[in-house]
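Only one structure is covered here, and it is reproduced in the block below.
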Amino acid sequence: METRILIVDDEKMIYSILAKRLSKEGYACVMANNGREALGLFYKNDFSLIISDIRMPEMDGLELLRNVRAVRPNMMFIIMTAHPEINMAVEAIRVGVTDFIIKPVDLELVSFSVKKALEQKKMEEELESYHNNLKKLVEERTAKLQKTLLVLKKSHLDSVKVLAGAIDAKDPYTRGHSDRVRRMSMRIAAQLGFNQERQESLVFGALLHDIGKIGIRDEVLQKKGQLTPEEYQYVQQHPLIGVKIVEGIDFFKDKISMIRNHHEHYDGRGYPDGLIGEVIPLEARIIGVPDAFDAMTSLRPHRRAMPVEDVLLEMEKGKGRQFDPQILEIFLNEKIYQ
Ligand SMILES: [Fe+2]
Numbered sequence: 486m487e488t489r490i491l492i493v494d495d496e497k498m499i500y501s502i503l504a505k506r507l508s509k510e511g512y513a514c515v516m517a518n519n520g521r522e523a524l525g526l527f528y529k530n531d532f533s534l535i536i537s538d539i540r541m542p543e544m545d546g547l548e549l550l551r552n553v554r555a556v557r558p559n560m561m562f563i564i565m566t567a568h569p570e571i572n573m574a575v576e577a578i579r580v581g582v583t584d585f586i587i588k589p590v591d592l593e594l595v596s597f598s599v600k601k602a603l604e605q606k607k608m609e610e611e612l613e614s615y616h617n618n619l620k621k622l623v624e625e626r627t628a629k630l631q632k633t634l635l636v637l638k639k640s641h642l643d644s645v646k647v648l649a650g651a652i653d654a655k656d657p658y659t660r661g662h663s664d665r666v667r668r669m670s671m672r673i674a675a676q677l678g679f680n681q682e683r684q685e686s687l688v689f690g691a692l693l694h695d696i697g698k699i700g701i702r703d704e705v706l707q708k709k710g711q712l713t714p715e716e717y718q719y720v721q722q723h724p725l726i727g728v729k730i731v732e733g734i735d736f737f738k739d740k741i742s743m744i745r746n747h748h749e750h751y752d753g754r755g756y757p758d759g760l761i762g763e764v765i766p767l768e769a770r771i772i773g774v775p776d777a778f779d780a781m782t783s784l785r786p787h788r789r790a791m792p793v794e795d796v797l798l799e800m801e802k803g804k805g806r807q808f809d810p811q812i813l814e815i816f817l818n819e820k821i822y823q
């Protein structure tokens with residue numbers, strides 16, 4: 486493609502001299518008599534370079550430069566002037582002129598200046614295309630990584646679900662318990678406006694809150710009939726056993742409090758630490774509500790499953806006692822249990 490140069494000057498003579506020289510060097514030259522005419526040509530054509538006089542009728546060179554820059558900030562633009570005034574030069578530099586030529590024009594200098602400007606243009610274009618390619622590459626790689634991360638996250642979640650299923654299977658009466666607690670906890674978290682990171686953490690904490698039951702003997706977990714006080718105390722060890730199982734694993738660091746404190750009561754009468762109110766980590770307070778609901782509505786060895794309405798009445802009584810009042814309200818008002 487030919488390199489087109491727009492020469493803007495109200496003196497035809499200057500144009501002829503420049504065009505003759507530049508044509509010899511293989512450039513295609515187009516003439517404009519003033520800034521306004523040049524701007525019209527610029528809008529309709531693709532020029533590689535503009536060489537413009539400053540003082541011209543209708544629109545001067547600086548105004549032309551400003552208009553051109555507004556559309557193409559990288560357009561190569563050489564100013565030509567017979568009146569080298571310092572404030573005009575400063576203004577031209579401020580608007581981003583590529584080079585200056587002082588009249589009367591020295592053709593060698595013009596030729597050099599044109600070559601230099603076109604080389605700069607080429608380099609800028611190469612750099613831009615390099616940046617664009619790089620950007621595209623980064624976007625492609627990022628998308629690929631995000632996809633891989635999603636697959637990894639899902640397979641991780643799947644394996645933790647299997648583990649949660651194994652925990653529930655220790656106790657034949659709690660099949661699906663962990664997953665139901667997870668589902669209800671997530672709905673509460675959404676009501677509380679948890680961000681994605683906190684929600685993801687809660688998913689795992691809720692699924693594994695009872696992981697310590699792995700360390701509780703089957704004959705106690707599966708005992709038909711009431712537990713003795715000693716057995717009950719023994720079962721109450723499961724939050725601390727859970728902590729022992731996961732501590733030291735980096736991924737579980739932020740879930741430890743959910744495993745340890747899901748049996749704390751808002752009034753401080755829970756276990757294992759007897760924490761009170763908001764001192765109990767929020768995630769643990771959340772898990773505690775659906776955990777209690779699901780336990781009461783499930784068939785237990787020593788009693789029948791309670792009807793949902795009775796369970797809800799029972800839970801209402803525990804507001805501010807066993808349960809965080811705000812979380813219990815969300816649980817009941819939003820019918821999280823359904
Ligand atoms: Fe538990």
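Residues 486 to 823, numbered by the working numbering, are exactly what the sequence shown covers, in order.
Cβ atoms here follow ideal geometry from the backbone N, Cα and C, with glycine treated the same way.
Treat the numbers as computed from the prediction; the structure is a model and nothing was measured.
Query	Result
Tell me the rounded alpha-carbon separation between Ala-577 and Lys-638.	56 Å
Got a sec? Which residues, its chain only, sit under 6 Å from Lys-706 by beta carbon, not counting five neighbours each side?	The sequence as given places Leu at residue 706; Lys does not occur at that position. Correct list, in chain order: Lys-655, Asp-656.
Considering only DSSP beta bridges, list what Leu-784 is partnered with.	Per DSSP, none; premise fails for Leu-784.
Is the stretch 802-813 touching the stretch 746-754, taking contact as three or more C-beta pairs under 8 Å?	yes
For ligand 1, any of its heavy atoms closer than 7 Å to the Cβ of Asp-656?	no
Is it buried or exposed, Thr-583, if we count other Cβ atoms within 10 angstroms and call 16 or more buried?	buried
I'd like to confirm the pairing. Which residues does DSSP put opposite Asp-538 in its beta bridges?	Met-565
For the alpha helix (DSSP H) that Val-493 lies in, which residues bound it at each end?	Segment 489-493 is the beta strand (DSSP E) holding Val-493; no alpha helix (DSSP H) there.
Round the Cβ separation of Leu-692 and Val-647 to the nearest angstrom and send it over; I've been treating them as touching at under 8 Å.	About 10 Å; that fails the 8 Å criterion.
Closer than 7 Å: is that where the CB of Asp-779 sits relative to any heavy atom of ligand 1?	no
Out of curiosity, what's the CA-to-CA distance linking Ile-696 and His-662?	12 Å
Taking the alpha-carbon positions, what's the Arg-667 to Leu-619 distance?	42 Å
Per DSSP, what kind of secondary structure is Lys-601 in: helix, strand or coil?	helix
Check the DSSP bridge columns for Val-515 and list the partner residues they point to.	Leu-491
Going by beta-carbon coordinates alone, are Arg-551 and Val-580 separated by less than 8 Å?	yes
In chain order, what residues of the same chain lie with their CB nearer than 8 Å to the CB of Tyr-528, ignoring the 5 residues before and after it?	Val-556
Nearest by alpha-carbon distance to Ala-567: which of Asp-495, Thr-627, Glu-794 is it?	Asp-495
Looking at Ile-771: is its Cβ nearer than 8 Å to the Cβ of Ala-675?	no
Leaving out five residues before and five after Glu-716 in sequence, what residues of the same chain have Cβ atoms less than 8 Å from its Cβ?	Val-705, Lys-708
In chain order, which continuous runs of the beta strand (DSSP E) of length 3 or greater are located wholly inside the stretch 566-597?	584-587
If you measure from the CB of Asp-695, is any heavy atom of ligand 1 nearer than 7 Å?	yes
Ordered along the chain, which non-local residues of its own chain (more than five positions away) have a Cβ less than 7 Å from that of Pro-810?	Lys-804
In the structure shown, what three-state DSSP assignment does Phe-527 receive?	helix
Leaving out five residues on either side along the sequence, give the residues of the same chain with a beta carbon under 8 Å from the beta carbon of Thr-488.	Gly-511, Tyr-512, Ala-513, Ser-533, Leu-534, Leu-603
Can you tell me which of the three DSSP states Phe-736 falls into?	helix
Less than 8 Å between the C-beta atoms of Leu-526 and Leu-549, yes or no?	no
Distance check for Gly-546 and Arg-506, CA to CA, integer angstroms please.	22 Å
Where does Lys-820 sit, in a helix, a strand or coil, going by DSSP?	coil
Going by other Cβ atoms of all chains shown within 10 Å of its Cβ, with 16 needed for buried, is Asp-538 buried or exposed?	buried
Thinking C-beta only, is Met-498 closer than 8 Å to Asn-519?	no
Excluding the five sequence neighbours on either side, which residues of its own chain have a C-beta within less than 6 Å of the C-beta of Gly-773, listed in chain order?	His-747
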